[in-house]
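Protein chains in written order, with UniProt numbering: chain A, 1 to 187; chain B, 1 to 187.
Protein chains: 2
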Amino acid sequence: MKIDEILDKVYKLPDQAKQKIIESIDEVNYKKGEILFQADKIVQEIYFIKKGIVRAYTKTSDNDITFWFGKEGDTVISMRSYVANNKGYEDIEVLEDSEFYKVDISYLRKLFKEDIHIANWGRKFAEQELIKTEKRLISRQFRTAKDRYKELIENNPDLIRRVQLGHIASYLGITQVSLSRIRAEKN
Amino acid sequence: MKIDEILDKVYKLPDQAKQKIIESIDEVNYKKGEILFQADKIVQEIYFIKKGIVRAYTKTSDNDITFWFGKEGDTVISMRSYVANNKGYEDIEVLEDSEFYKVDISYLRKLFKEDIHIANWGRKFAEQELIKTEKRLISRQFRTAKDRYKELIENNPDLIRRVQLGHIASYLGITQVSLSRIRAEKN
DNA sequence: GGGAAAATTTTACAAATGATAAAAAATGAA
DNA sequence: TTCATTTTTTATCATTTGTAAAATTTTCCC
Chain A
1 MKIDEILDKV YKLPDQAKQK IIESIDEVNY KKGEILFQAD KIVQEIYFIK
51 KGIVRAYTKT SDNDITFWFG KEGDTVISMR SYVANNKGYE DIEVLEDSEF
101 YKVDISYLRK LFKEDIHIAN WGRKFAEQEL IKTEKRLISR QFRTAKDRYK
151 ELIENNPDLI RRVQLGHIAS YLGITQVSLS RIRAEKN
Chain B
1 MKIDEILDKV YKLPDQAKQK IIESIDEVNY KKGEILFQAD KIVQEIYFIK
51 KGIVRAYTKT SDNDITFWFG KEGDTVISMR SYVANNKGYE DIEVLEDSEF
101 YKVDISYLRK LFKEDIHIAN WGRKFAEQEL IKTEKRLISR QFRTAKDRYK
151 ELIENNPDLI RRVQLGHIAS YLGITQVSLS RIRAEKN
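Shown next as structure tokens:
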């Protein structure tokens, strides 16, 4: 996915403003299994996914819990680092060999102060991430794991193929055994 | 809570910009049991809570599910109305006689276009709501209902006193009977 | 392709939670 | 205060989900 498209998906920027962001971007590649960033560090960058798939998870005493998947066009971000300059909750693991556009957060903050278009892009970006997060919260509160599994298959059929079921079970908030039971049921 | 304080909590605005928002604000009062707004309508306003307490819920076939409580200093907003001009998920019920500061969303959108400080206030506002929503999602995914009940008592001891337990049980994602069991346990 | 390791499913049993009904307690209006 | 209504708790039983371990399937290196 082109960086142009990704930026425009959020909010249509005037070319000049868009160029300010694009000229600062680095492209970086990571291999399957590598860790993009870690929960115990303040992350100084945002990554847009050009190609590939990642998961966000936190470690617990015995295992780890996946709470987000990102793929082409999605933004990988430690919200707590971005918003409050604090350590985040999440480790990000790269699940396939992947390609990213890397943007420096402090540079972005500087642009927010001096360009109203980019400030509004930043506003729209946060608003859209907010809607997505709210959707996930609502889905989690109102739907059973079975429904959410079906929802996932409908909205992200490729996810099931690209990600191992243990991660998906944890994302759905159930054990892998339960997910197997759900999958075994007719229709 | 003063409107000044509420606005500053988000992001410190220059006085002139702050005045632009404040001069547009209406104060409105609602009585216990009244509905502030409804899920099947596009909401044109944002409300800051001066005094009182409200809950957001959605109706299901047999009962309704509470998924948010707001009190003094919190913002009552239909995110989908605000961000995308769509109908929201939520009905908002006023749980105590309450006082609100009402702001018109379209006026706010106009200010975002013409004042970079207010655009950045809007950005910060969305970012902070995002962090709060993410926190709720994480708490819901990682903690048991019992833990989340304890967390609620710690962080919002007055909520337990001001809100009936049926709503709290639904907020925690369990039945009222289960909540009673949790409360009955020693320690 | 063969074999080891990892992932997934299946089974049996245990623990947690839900549904329902009814009793007890709290609240509110006359 | 009293009585009716609402809210909360308790008890019983059914269902769901988890744990642990084994069986099966898939993946991936050599």
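Even for Gly, the Cβ is constructed at its ideal location relative to N, Cα and C. If you're wondering where the values come from, they're calculated on a predicted model, not measured in any experiment.
- For the set A/N29, A/F69, A/G173, the Cα lying nearest the Cα of A/K132 is the one of A/F69.
- Check the Cα spacing between B/D91 and each of B/I22, B/F48, B/F67: the tightest is with B/F67.
- In summary, no residue of the stretch 24 to 38 of chain A has a CB separated from any CB of chain B by less than 8 Å.
- Taking 7 Å as the Cβ-Cβ cut-off, the stretch 131 to 157 of chain B approaches chain A at I131, T133, E134, R136, L137, I138, R140, Q141, F142, given in chain order.
- Between the stretch 99 to 107 of chain A and the stretch 15 to 29 of chain A there are three or more C-beta pairs closer than 8 Å, enough to call the two in contact.
- Relative to B/I182, the option among B/H167, B/V83, B/R148 whose CA is nearest is B/R148.
- Look at A/D91 here: in three-state DSSP terms it is strand.
- Within the UniProt domain "Cyclic nucleotide-binding" (9 to 112) of chain A, the residues whose Cβ lies closer than 8 Å to some Cβ of chain B are T58, T60, I65, F67, M79, R80, Y82, V83, A84, Y89, F112, listed in chain order.
- At least one C-beta of chain B is nearer than 7 Å to the C-beta of A/R123.
- Assigned with DSSP and collapsed to three states, B/R148 falls in helix.
- Using a C-beta cut-off of 8 Å, the stretch 116 to 123 of chain A makes no contact with the stretch 54 to 63 of chain A, since fewer than three inter-stretch Cβ pairs fall below that distance.
- Ranked by how close their Cα comes to the Cα of B/M79, the residues A/Q16, A/E154, A/R161, A/E134 have A/E134 in first place.
- Taking the CA atoms as reference points, A/I65 sits about 19 Å from A/I138.
- It is roughly 35 Å from the alpha-carbon of A/A145 to the alpha-carbon of A/Q44.
- Non-local beta-carbon contacts of B/E96 in its own chain, meaning distances under 6 Å to residues more than five positions away in sequence, involve K32, G52, I53 in chain order.
- At least one CB atom of chain B sits nearer than 7 Å to the CB of A/I116.
- CA-to-CA, the gap between A/H117 and B/L13 works out to about 18 Å.
- The beta carbon of B/F112 is closer than 8 Å to those of I118, A119, G122 in its chain, skipping five residues each way along the sequence.
- Exclusion of the five residues before and after A/G88 leaves A39, S78, R80, S81 as the residues of its chain whose Cβ lies within less than 6 Å of its Cβ.
- Under DSSP, A/D104 forms a beta bridge with A/E45.
- For the set A/M1, A/Q16, A/K20, the Cα lying nearest the Cα of A/R109 is the one of A/K20.
- Below the 7 Å Cβ cutoff, chain B contributes Q141 as neighbours of A/G173, in chain order.
- Here the alpha carbon of B/E154 sits roughly 24 Å from the alpha carbon of A/K59.
- Residue contact with chain B for A/A119: present (Cβ-Cβ distance below 7 Å to some residue of chain B).
- A/K18 sits away from A/L36, with the two beta carbons spaced by 7 Å or more.
- Distance from the CA atom of A/I22 to the CA atom of A/N156, rounded to whole angstroms, is 29 Å.
- By the criterion of a C-beta distance shorter than 8 Å, B/Y107 is surrounded in its chain by S24, once the five residues flanking it on both sides are discounted.
- In the DSSP assignment, B/D26 falls within the unbroken beta strand (DSSP E) covering 26 to 30.
- Judged by DSSP in its simplified three-state form, A/K12 adopts coil rather than helix or strand.
- Interface criterion met: the Cβ of A/A126 is under 7 Å from a Cβ in chain B.
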